[in-house]
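Below: the structure, in structure tokens.
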Amino acid sequence: MMASRFALLAFLALLAGCKREEREARLAPPIAEAQGAVLVMPNGISGRPHDVIAAQGDAFRNNAYQLSQGKRLFEWFNCQGCHADGGGASGPALMNGWWRYGPDPVSIFLSIRDGRPNGMPPYRDKLTTEQIWQLTGYLQTLGASTASLASTSRNDAMHSRPAENRAPAQAGHTTRPSP
Amino acid sequence: MKHRIVADLSGLPLHGAGSSSQTWWGTLAFMLIEGIGFVLALAVYLYLASIAPQWPLGAPPPDPWPGTIIAALLLLSAIPNWLVGRWAEAQDLRKVRIGLVIMSVAGILPLIVRIWEFPALNVSWDSNAYGSILWILLGLHTAHILTDVMDTLVLTAVMFTRHGDNKRRYGDAQDNALYWYFVVLTWLPIYLCIYGVPRL
Amino acid sequence: MTRPPEDRDLRDTALDTGQEPDALERRLARIWRTPPGLVNALSTVDHKIIGRRYIVTAFVFLALGGVLAMLMRLQLAQPESRFLSPDLYNQVFTIHGANMMFLFAVPVMEAMAIYFVPLLVGTRNIAFPRLGAFSYWVYLFGGSMLWIAFILQMGPDVGWFAYVPLAGPQYSSGKRADIWAQMITFTEISALAVAIEIVVTVLKQRAPGMSLDRIPLVVWAWLVMAFMIIMAMPAVVTASSMLILDRLVGTHFFNPAEGGDVLLWQHLFWFFGHPEVYIIFLPAVGMISTMLPAFVRRPIFGYLPLVMALLTMGLLSFGLWVHHMFTTGLPRLGESFFTASSMAIAVPAGVQIFCWLATIWLGRPAFRVPFLFILAFFFTFVLGGMTGVMVASVPLDTQVHDTYFVVAHFHYVLVGGAVFPLLGAIYYWFPKITGRMMSERIGRWVAGLLFLGFNFTFFPMHILGLQGMTRRIYAYPAEMGWGGMNLFVSLCSVAMAAGFLLFFIDIFRSARHGEPAGDNPWEASTLEWATSSPPPPYNFVRIPVVTSASPLWDEKGSLPVVSGLAVNRRELLITGMGNATPEVRETSPQNSIWPFFAAIATSVMLVASIFTPWAVVWGAIPLTITLIGWFWPRGTPEDDS
Amino acid sequence: MNTARLPHLFLLLPLAGCSGWQSALDPRGSTAEELHGLFWLFTITCTAVWGAVLLVLAAALWRRRHPAGISEAQQARSERRSGVAIGAAVAATVVIITGLTFASYLATRGIAEEHPEALTIRVRGYQWWWEVLYADSAPHRAFLTANELHLPVGRPVRLELATADVIHSFWVPNLAGKQDMIPGRENVLVFTPREPGTYRAQCAEFCGIQHAHMALRIVVEAPADFERWREAQIAEAAPPMTPEEEAGRQVMESKACGACHTVRGTAAAGTLGPDLTHVGGRQTIAAGMLPTTRGSLAAWIADPQTVKPGNNMPMVPLTAEELQAVSAYLARLR
């Protein structure tokens, strides 16, 4: 009795993990196209992007493979040049949970794609839409107060911030004692 | 096949101590396994130290006081431990009870001091490899104190029940004492490694 | 619970009145039996029931791993095949390797030991039988975890060796590598538990008179295996724990930028990984040494050299790990040392081969199925040993390392050196386990199909490797010219699969309809044949006394036994380590459900700690409770002394 | 027993595998030649030992009768003889093993020799391609290329092997044994190519999802040809010749391509993917996946994840014209 109930529980827990591990290297072209259909002002003057668009970002936030791709891009495209591994330098901090343009994925997506005043360059010509979504997903895990199970871990590099799976990030971020 | 009886073993004792006891051998085997675990952890420590440009890496040497206090407490606890072993051998229920209570306290004390020992390492487990191996060494040893204390507490509780006055329980008390020596002894090389090597 | 007073310290001598002929048997059966019912089945501590479960489970994993192998062969049958995606293929070869090593080969050798060591040394149950029950459940849960993860696309895809940094936090996203690392923890816990049981059983529970020079060779082999498990497995547990800590809490053991080291992983892994091969191989050669006399009708030639060879191989195998790292650029001098030590192990291996050859030479071989497997072993294993000498040479290894040459080599050694003897041993001991013979006719087909199928599948891989085909590739370009031979290999692998299929069919058939075997169908010489087939729950009505290394051959007519053991409680004999003089009449634990609960608590803790380090803290609470439940005295007669 | 006859069959098989452009049995370099000799020494010795063991086994099975009524003395004598035979066999094993160990030690010593005038090239493994740097004392004469190595015949080469991510292993079986590329370490491989030709190398250490498609071409050529190639590589990218190619260059610079790839002499200066300055002159693209043609370039750019699933090149959305143009341009970059 107990064993079967336990097995069921474990099974369900694992089933939830299922989607997190899927590795989709190639989005179907129509989906990829749809994912680019994010407009700053959907009705021409103002307005919020449709919820469906935001929901598309979910696939990138809860999937371990996509998050690790986002992390790779963060490094490859030198985001730390301004944001210093999320701690903030000439660009704003990315791991304190405070987002200048709002914490929703669409805002983050737009910040990367179209750039923002005072120095954030647009990346629409450097990254594909899929990659921008991957980066968005990764950035959301940076400031999370509880770590997602799909979250990435530390890099094989100098240690400059706590691993992403150690949330809340800010709490564990102590300066290194000097020798 | 037909049997022919060649000996009557009715006269054999019903429980043996030391090398005639299975649990003694089991304890020994566990100590061997865990001892190898400790040796490997120490080997990893020395390996990392040998490839590092300087040691300790990016941190001041650990503050030695809590570790030294623990070493002293552990070494001192060897005395009541030895007594418990002897009393158990003599099957003296009252003294074994008292001894086990003392040993429970003697086990909990170093655990309390250990709360201050982790910060005294002056490095976090996720700062660098030096911090990682330090935390693992200390964590590994703490786990051993913890399990032995749990074992001692349960055994103490058993001793105060009707199951206490039994040769088997005295054997358990002896094996528990044997294991505590192991916990004390393993601390010494770890202590030397953690606090001595960075100061070489 | 009150018992009639005459039950207190009732001994077998009291039942010898002759009024009821089988009073003793019935009494013993009542004390040692496992009653029917699910709870009782989960509570049993009978080494035969646990051993049988262990063997069956290991063979189920063998079959599953074989399915993966066939998938790989299907994929590689033609160049640039798209049958499996690279992501899936990487999981498939990783799980094939991890499954075969950790869930089949090592456990099946332990499983055979759990079943047969007590019978071979003449005792009533294994030492610490509850630990055995716990070990089985942990093994079952850990193995299931790996396969469930695979079904859920969470299967490890980093190779069975999980080299960092590929398996590390940066390059292996998700929980796949953690599943691998925790599967290691599961299987090592269970292996270490069994190792302790074997060591104590062999050292302290041998039948009176079974001095060190009368121990059956397979028991020696299991003893060496158990010690090797104790010495080697902590290394891989250390390594996998460090990996999981690196991934989960951000430690830096393998991060070169923060003082860690990538090769540290390889040192630790192979310090375990090389002895691992011998952990699998030594019991298999022990089985040969024990089976051979029954088929050549004479005692083994060179008992002492064979024991020494086992011990030497066990010892030397700890000095060879670097030969898995010859291409990593370690200092030349060290590499030469490891070349020499790797080759030196050929000497004890040779001693064994020569002793067996002499035994066959001096005897009169009977070509029964187990003997056919021994012959297949000779052909295959010696060839694998020869390629082993080749890969032990540093310069040669730089050409063949990580190619199909090595794939061929270790399949020759592991299938030829361990699986063939194991299958022979199954044919040999099946009658003891079930009371029924396996089919001689089907057995010949099985042996033939496996022998031919195996050699035609794996021999060409040597050539493929020399032609440049590297390991662990899901596809290869047509222009490489490997297509033809790969197709040949894939076709021949079907013969091998058919051999295994036939073997399983024979098992199922014989278990129900096989010819009744009798106590000693092979007229063999060791103690397990002195009792009925299948053995009763108490193994032996009376504990036998051993006067030679081949007790059943040298004691014509009747078996010397001892009397005086209690029959009102589970009692067995503790004897001296050296010459097995009786020391104590010790009790053996009763059935208990707690090991099962403890295994569940352990599994919950281990699986949850893949996801959060805090699981170690809260998971320890139920574990502690179950352990207290396990060890808390019950006031049963077994608790008396 | 036919077990004794089978080995001969098997012995014939390896002869079939004596040639190939990625084969250890077809040595074309100093190290590979040395190893090839050693390989046959080991193979012949081991085969002889294996054959001897099986012959003894066959003989033991053949004489299987042994009359039951054999005398004690006879039995004891044959046991004694067996003991002596075992002793002799063990002694022979020790001698053979020692000899082979010594031979392999000598070979190791011969291989590791360094040459002061060696051509030094740095090869760096990436998930799943190779970066090749021809260093030069004059910085402007140093250049980067990818997935193709050109070597002058007869001159010793010193390869400095490193990795940018996980462990890879560099292996050109026709020229030398393999050497791993390990994070945090640098390994060196020294050998001398002896015969001109094109050889193939492949990553030998499992390195992730596309480990199977991480190949490298090694072109060994006459020193004059090598120098000509080298000068061509040092030069900047060829200018576009047709309007279509000009459009291709613009796509290269304005779309995401330039963020990862460099074409020297244009605005494309990314350093994350292979250097494409002379991509049209290389034999293959995508680390040995496809031959370099305009068509395969277009196929690769249009859908890299179908050609090589899981690799790090994204599918950049391009119109048909843009795709045509950019592949025409890249094919032109010889």
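Chains as they are written, first to last, in this note's numbering: chain A, 211 to 389; chain B, 3 to 202; chain C, 21 to 661; chain D, 1328 to 1661.
Glycine included, every Cβ here is placed at the ideal spot set by N, Cα and C.
Please read these numbers as outputs of a predicted model, since none were measured by experiment.
- Taking the Cα positions, C:Phe520 is about 56 Å away from B:Ser106.
- Proximity of D:Ala1387 to chain C, defined by a Cβ-Cβ separation below 7 Å, is satisfied.
- Secondary structure of D:Tyr1656 (DSSP, three-state): helix.
- Taking C-beta atoms as the reference points, C:Met121 and C:Ala517 fail to come closer than 7 Å.
- Rounded to whole angstroms, the separation of the alpha carbons of C:Gln98 and D:Thr1372 is 34 Å.
- Rounded to whole angstroms, the separation of the alpha carbons of C:Phe478 and C:Gly485 is 11 Å.
- Per the DSSP secondary-structure output, D:Tyr1526 pairs in a beta bridge with D:Ile1545.
- Beyond the five residues adjoining it in sequence on each side, C:Leu243 comes within less than 6 Å, by CB distance, of Val222 in the same chain, given in chain order.
- Think of a sphere of 9 Å around the beta carbon of B:Val151: no beta carbon from chain C falls inside it, the nearest being about 11 Å out.
- Chain B has a Cβ within less than 7 Å of the Cβ of C:Val219.
- Along the region 1623-1637 of chain D, the positions whose C-beta sits under 8 Å from a C-beta of chain C are Pro1636 and Gly1637, read in chain order.
- Under DSSP, D:Thr1490 shares a beta bridge with D:Gly1452.
- Sequence-distant Cβ neighbours of C:Ala438 in its own chain, meaning closer than 6 Å and more than five residues away, are Ile300, Phe301 and Ala304.
- Under a criterion of Cβ atoms nearer than 7 Å, no residue of chain A is adjacent to D:Val1590; the nearest Cβ is some 16 Å distant.
- Between C:Ser309 and C:Leu340, the gap from beta carbon to beta carbon reaches 7 Å or more.
- Taking a C-beta cut-off of 7 Å against chain C, the contacting residues of the region 33-51 of chain B are Leu34, Ile35, Ile38, Gly39, Leu42, Ala43, Val46, Tyr49 and Leu50, listed in chain order.
- Residue state for B:Trp127 is assigned as coil, using DSSP reduced to three classes.
- Annotation: Cβ neighbours of A:Arg236 in chain D (cutoff 8 Å, chain order): Asp1630, Gln1632, Thr1633, Pro1636 and Met1642.
- Only residues of its own chain outside the window of five on either side were considered, and among them Ser583 and Gly584 have a CB closer than 8 Å to the CB of C:Thr33, listed in chain order.
- C:Ile525 and C:His533 have their C-alpha atoms roughly 12 Å apart.
- Residue pairing by DSSP places B:Lys4 opposite C:Ser578 in a beta bridge.
- Residue pairing by DSSP places B:Val46 in no beta bridge whatsoever.
- Look at the region 259-285 of chain C: the residues with a C-beta under 9 Å from a C-beta of chain A are Asp266, Arg267, Leu268, Val269, Gly270, Thr271, His272, Phe274, Asn275, Pro276, Ala277, Glu278, Gly280 and Val282.
- Distance from the Cα of C:Val367 is smallest, within the candidate group D:Asp1602, D:Ala1416 and D:Pro1354, for D:Ala1416.
- Where C:Ile594 is concerned, the enclosing beta strand (DSSP E) starts and stops at Glu591 to Thr595.
- Against B:Ser106, chain C offers no close residue; the least beta-carbon distance is about 15 Å (beta-carbon pairs closer than 8 Å).
- C:Phe387 has its alpha-carbon roughly 17 Å from the corresponding atom of C:Met307.
- Straight-line measurement puts the Cα of C:Thr490 at about 34 Å from the Cα of C:Phe161.
- Contact between the region 274-285 of chain C and the region 174-184 of chain C is present: 3 or more CB-CB pairs across the two stretches fall below 8 Å.
- Listed along chain D are Ala1583, Ala1586 and Pro1641, each with a C-beta nearer than 9 Å to that of A:Leu337.
- In this structure the region 131-138 of chain B lies against the region 56-68 of chain B, because at least three pairs of beta carbons, one per stretch, are closer than 8 Å.
- For a Cβ distance threshold of 9 Å, residue set Leu14, Pro15, Gly18, Ser21 and Ser22 of chain B lies close to C:Glu603, ordered along the chain.
- Here C:His344 is buried: its Cβ has 16 or more other Cβ atoms, across all protein chains shown, within 10 Å.
- With a cutoff of 7 Å on beta-carbon distance, B:Ala43 and B:Gly173 are scored as not near each other.
- DSSP places D:Glu1580 in the helix class (H, G or I) of the three-state scheme.
- CA-CA distance, D:Arg1512 to C:Trp381, rounds to 54 Å.
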